[in-house]
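Quick note, our numbering runs 11 ahead of the 1-based positions in the sequence shown.
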Amino acid sequence: MTVRTIRTAHVDSPLPEEAKLVHQAKSGDAEAFAQLYDAYVERVYRYILFRVSEDITTEDLVSQVFLKAWQNLDRYKMGSSPFIAWLYTIARNLVIDHYRAKKDMLPLEEAAALPSDMQTPVEEVEARFDLQAMRDGLQSLTSDQQQVLILKYIVGLPNENIAKIMKKQEGTIRGLQMRALQTLSKYMHEKELV
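Given below as structure tokens:
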């Protein structure tokens, strides 16, 4: 898996055959689970990368997400939420556990910008600056506000799914999103980045 692939991955709706694949995987069909993995691994990777900012740790946590999903597939209730939302919940919990075990968080500003083969050197510098500015701005937010913005704008989930993942009401998610965007806007204006 390359970082470039992750940057260009589109956030699309759940697989049309998702219910069938989940049902087959629950019956022990490893190939069906592999198809679910292929469909969602890049989205889970991107989500975790924005939370931990380290490629090696991200890859390890992504592996753990899918291992836990496979081991606990019987706990997933089809129809209650999309399979990807369940994967994000597992990912969120693993990221929390990772930081609890680590006891010292890596600041987002230390994270490297995502490289791209398709950018000119000037575009790459601008992209690195924009990404760094965004990560710096995220540091001015609460953990819940960061989570909402990442799930909404980086991962591309609707508020309904974000609410399920974070175990909050949709109205709370909208409020967190609004306050986060206001705080981020104020931060960007103070830093004269807009």
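All C-beta atoms, glycine included, are put in the ideal place defined by N, C-alpha and C.
Cβ shell of Met156 (< 6 angstroms), same chain only, five flanking positions each side left out: Position 145 of the sequence shown, counting from 1, holds the residue named residue 156. Note that residue 156 is Gln in the sequence shown, not Met. So the list reads Leu187 and Ala191, once near-sequence residues are dropped.
Lys63 in three-state terms, based on DSSP: Taking the sequence shown and counting its residues from 1, the one referred to as residue 63 is at position 52. Residue 63 is actually Val in this sequence, not Lys. The answer is helix: DSSP assigns Val63 an H, G or I state.
Would you say Ile59 and Val73 are within 8 angstroms of each other, going by their C-beta atoms? The residue you call residue 59 lines up with position 48 of the sequence shown. The residue you call residue 73 lines up with position 62 of the sequence shown. At a Cβ-Cβ threshold of 8 angstroms, Ile59 and Val73 count as neighbours.
Ordered along the chain, which non-local residues of its own chain (more than five positions away) have a Cβ less than 8 angstroms from that of Val166? One-based indexing of the sequence shown puts residue 166 at position 155. For Val166, same chain residues with a beta-carbon under 8 angstroms away, outside a window of 5 residues either side, are Val22, Arg54, Arg57, Tyr58 and Tyr99 in chain order.
Where does Thr69 land, buried or exposed, given buried means 16+ other C-beta within 10 angstroms? On the sequence shown, residue 69 is found 58 positions in, with the first residue counted as 1. Answer is buried; the Cβ neighbour count reaches 16.
Counting C-beta neighbours from all protein chains within 10 Å, is the total for Gln158 16 or more, i.e. buried, or is it exposed? Residue mapping note: residue 158 aligns to position 147 of the sequence shown, counting from 1. If you draw a 10 Å sphere on the C-beta of Gln158, you find 16 or more other C-beta atoms in it, and that means buried.
Pick from Asp66, Phe77 and Ile67: whose alpha carbon is nearest that of Ala50? In the sequence shown, residue 50 corresponds to position 39, counting from 1. The residue among Asp66, Phe77 and Ile67 with its C-alpha nearest the C-alpha of Ala50 is Phe77.
How far does the alpha helix (DSSP H) with Asp155 in it reach, from first residue to last? For the purposes of this step, residue 155 is taken as the residue at position 144 of the sequence shown. Ser154 to Leu160 is the extent of the alpha helix (DSSP H) around Asp155.
Delimiting residues of the alpha helix (DSSP H) encompassing Tyr198: In the sequence shown, counting from the first residue as 1, residue 198 sits at position 187. Residues Glu181 to Glu201.
Quick check on Arg86: buried or exposed, where buried means 16 or more other Cβ atoms within 10 Å of its Cβ? Taking the sequence shown and counting its residues from 1, the one referred to as residue 86 is at position 75. When all chains shown are included, Arg86 counts as exposed.
Tell me whether the beta-carbon of Ser92 lies closer than 8 angstroms to the beta-carbon of Lys175. Here residue 92 corresponds to residue number 81 of the sequence shown, with the count starting at 1. Here residue 175 corresponds to residue number 164 of the sequence shown, with the count starting at 1. Yes. Within cutoff.
Could you give the DSSP three-state label for Glu70: helix, strand or coil? Along the sequence shown, read from residue 1 onward, the residue named residue 70 stands at position 59. Glu70 falls in the helix class under three-state DSSP.
DSSP three-state label for Met177, please. Reading the sequence shown from its first residue, position 166 is the one you call residue 177. Note: Met177 maps to helix in three-state DSSP.
Identify which residue in Ala112, Lys113, Gly90 and Gln82 has its Cα closest to the Cα of Ile101. Translated into the one-based positions of the sequence shown, residue 101 becomes position 90. For Ile101, the nearest C-alpha among the options comes from Gln82.
Tell me which residues share the same chain as Ile161 and place their Cβ nearer than 6 angstroms to its Cβ, disregarding the 5 neighbours each side in the sequence. Reading the sequence shown from its first residue, position 150 is the one you call residue 161. Result list for Ile161: Phe61, in chain order.
Is it right to say Ile173 is buried, meaning 16 or more other beta carbons lie within 10 angstroms of its own, or is it exposed? Translated into positions along the sequence shown, residue 173 becomes position 162. That one is buried.
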